[in-house]
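**Student:**
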Amino acid sequence: METIGVRSIQTVSAKTIIQKEKLPSYQTWWGTSYNMNLYKGCSHGCIYCDSRSLCYQNSEFDVVKPKDDCLRIIDKELKLKYTRRGVIGTGAMSDPYNHLEAELKLTRGALEIINKYQFGISITTKSDLVTRDIDVLSEIKRTAPVIVKFSLTSSDDVLSRALEPNVTISSERLKAIETLSKAGIYSGVLLWPTMPFLTDSQEQVIDLLNKAKDSGAKFVTAYFGLTLRIGSRDYFFENLDKLIESKKIPSDTKERYIKRFGTRYICDIPKKQTVIKVFKEHCHKRGLLYQFADVTADYQKGYDFNSNSQISIFDMADILKN
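Position 65 of the sequence shown, counted from 1, bears residue number 65 in our numbering, the numbering being contiguous throughout.
Have a look at this one:
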């Protein structure tokens, strides 16, 4: 337990922060070589979150806990990895711009260290707080790739608030994309998940694509379905009941899920192939990338950040003595 200001914040111990990807970077979705989580847990309250699944063993998932001494650990680890530079991904299991970050600034501190050692960064978030760090992201971009991905399930703020109760609303996330894009930071949208019977109509998908493009997004990647494992499924259905009771979603939504999917893990949207066809056609029409490989090639274009030939003996000596 650590006291910050007048509040007590639970922390967790960590021996390492920067994790090597199991696959080579060219086989990962965003061309990342490493993964980084500065916090454990998430306070977003998204009713569909797969990270609630029992298989992840995330006790007290709704409590955000920073990792002890994480910035010192990151500095030590990146110094040792300097000759194996690559892009570091963050935001897979815990949003790096959660409600504690405004005060603790651990993500900002990590970005400053990443810039120091000339690594790249791939951020996934649902918060517009990331715009606070445009100055550091711009510095990183001078020597390595930078990409910011905003997870969006719907362009409708009312529906967004119902499904993601503690998250920056969709319109504000779109404004953040506009701010980042105007500053030259490569940004786009993850349409993950697309929820059957709630956010999966062709009209909803097209509206999100249009608003993303108008905000300056370079890409929209999508998953046209939802995953429900043991743990996350129970939470999802409990919240469907609450939303139905408050008349925020149609009264037959839960019944339709149970009838169509039962206890399946993968819950693809109805008319999936038709929606995918419309999605691709509209992406082409609006000039949005949607394939992982194309997005990765685009934001990493012009960088040779994994090449040891970039590092002079003088650079290495300077890094190691600090």
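Glycine residues also receive a C-beta, built at the ideal position from the N, C-alpha and C atoms.
Bear in mind that the values here come from a model prediction, so they are computed numbers and not experimental data.
If the criterion is Cβ atoms closer than 8 angstroms, does the pair Tyr223 and Pro193 meet it?
**Tutor:** yes
**Student:** For Asp95, is the beta carbon positioned less than 7 angstroms from some heavy atom of the ligand COA?
**Tutor:** What this structure holds is no ligand at all, so the ligand COA is not there to describe.
**Student:** On the DSSP bridge assignment, give the partners of Ala222 in chain order.
**Tutor:** Leu191
**Student:** Terminal residues of the continuous alpha helix (DSSP H) containing Thr263?
**Tutor:** Thr263 -> no alpha helix (DSSP H), and no H or E assigned at all.
**Student:** Starting from Gly109, trace the beta strand (DSSP E) both ways and give me its first and last residue.
**Tutor:** Secondary structure note for Gly109: it is in no beta strand (DSSP E), and the uninterrupted alpha helix (DSSP H) holding it is Leu106 to Lys116.
**Student:** Among Leu243, Tyr303, Ser170 and Ser13, which residue has its Cα nearest to the Cα of Ser127?
**Tutor:** Ranking Leu243, Tyr303, Ser170 and Ser13 by CA distance to the CA of Ser127 puts Ser170 first.
**Student:** Identify the residues that DSSP records as bridge partners of Ser151: which are they?
**Tutor:** Leu190
**Student:** Can we say the region 245 to 254 touches the region 280 to 288, given the rule of at least three CB pairs closer than 8 angstroms?
**Tutor:** no
**Student:** Which whole-angstrom value describes the C-beta separation of Met36 and Ala110, a residue pair presumed to lie in contact below a C-beta threshold of 8 angstroms?
**Tutor:** 7 angstroms
**Student:** Roughly how many angstroms separate the alpha carbons of Asp75 and Lys218, rounded to a whole number?
**Tutor:** 31 angstroms
**Student:** Quick one, which of Lys67, Lys141 and Asn98 has its alpha-carbon nearest Asn166's?
**Tutor:** Asn98
**Student:** Report the rounded CA-to-CA distance for Asp133 versus Ile185, giving the unit in angstroms.
**Tutor:** 11 angstroms
**Student:** By how many angstroms is the C-alpha of Cys267 removed from the C-alpha of Ser151?
**Tutor:** 19 angstroms
**Student:** For Glu344, is the classification buried or exposed, using 16 other Cβ atoms within 10 angstroms of its Cβ as the cut-off for buried?
**Tutor:** Outside the displayed span of the chain (1 to 322) sits residue 344, for which this structure offers no information.
**Student:** Short of 6 angstroms in beta carbon distance, which residues of its chain neighbour Ile47, apart from the five on each side in sequence? Order them along the chain.
**Tutor:** Leu163, Phe236 and Asn239
**Student:** Near Val278, what residues of its chain come up, given a Cβ to Cβ distance below 8 angstroms and the 5 sequence neighbours on each side ignored?
**Tutor:** Gln202, Val205 and Ile206
**Student:** Looking at C-alpha atoms only, which residue of Val130, Gly225, Ala183 and Trp30 is the closest neighbour of Glu172?
**Tutor:** Val130
**Student:** Cβ atoms of Tyr265 and Pro196: under 8 angstroms apart, would you say?
**Tutor:** It is not a contact, given that the beta carbons lie outside the stated cut-off.
**Student:** What's the gap between the Cα of Pro270 and the Cα of Thr199?
**Tutor:** Straight-line spacing of the CA atoms in Pro270 and Thr199 works out to 11 angstroms.
**Student:** Sort out for me which residues DSSP pairs Ile18 with in a bridge.
**Tutor:** Bridge pairing for Ile18: Met36 [DSSP].
**Student:** Taking DSSP's pairing of strands, which residues face Thr227 in a bridge?
**Tutor:** Under DSSP, Thr227 shares a beta bridge with Ile266.
**Student:** Taking the straight line between their C-alpha atoms, what separation do you get for Ser8 and Thr83?
**Tutor:** Distance between the alpha carbons of Ser8 and Thr83 is about 39 angstroms.
**Student:** On the three-pair Cβ rule with 8 angstroms, is the region 42 to 62 touching the region 22 to 29?
**Tutor:** Taking one beta carbon from each stretch, the region 42 to 62 and the region 22 to 29 have fewer than 3 pairs nearer than 8 angstroms; the two do not touch.
**Student:** Have a look at Cys70, Ser155 and Arg229 and flag the residue whose alpha-carbon is nearest the alpha-carbon of Ser13.
**Tutor:** Cys70
**Student:** Compare the beta carbon distance of Arg108 and Val136 with 8 angstroms and say whether it is the shorter of the two.
**Tutor:** yes
**Student:** Just reading off the beta strand (DSSP E) that Thr296 is part of, what are its end residues?
**Tutor:** That residue, Thr296, is in no beta strand (DSSP E); its alpha helix (DSSP H) goes Phe292 to Tyr299.
**Student:** State the Cα-Cα distance for the pair Thr263 and Leu228, rounded to the nearest angstrom.
**Tutor:** 8 angstroms
**Student:** Just mark Thr274 as buried or exposed, buried being the case when its beta carbon has 16 or more other beta carbons within 10 Å.
**Tutor:** exposed
**Student:** Grouping DSSP H, G and I as helix and E and B as strand, with all else coil, what is Ile74?
**Tutor:** helix
**Student:** State the Cα-Cα distance for the pair Glu178 and Trp30, rounded to the nearest angstrom.
**Tutor:** 21 angstroms
**Student:** For the beta strand (DSSP E) containing Val87, list its first residue and its last residue.
**Tutor:** Val87 to Thr90
**Student:** Go through its chain and collect everything with a Cβ distance to Val220's Cβ below 7 angstroms, but skip five positions before and after it.
**Tutor:** For Val220, where only same-chain residues beyond five positions count, the Cβ hits under 7 angstroms are Gly188, Val189, Leu191, Leu209, Ala212, Cys283, Leu288 and Tyr290.
**Student:** Suppose you measure from the CA of Val87 to the CA of Lys259; what does that come to, to the nearest Å?
**Tutor:** 43 angstroms
**Student:** When DSSP labels each residue in this structure, what does Ser122 get in the three-state scheme?
**Tutor:** strand
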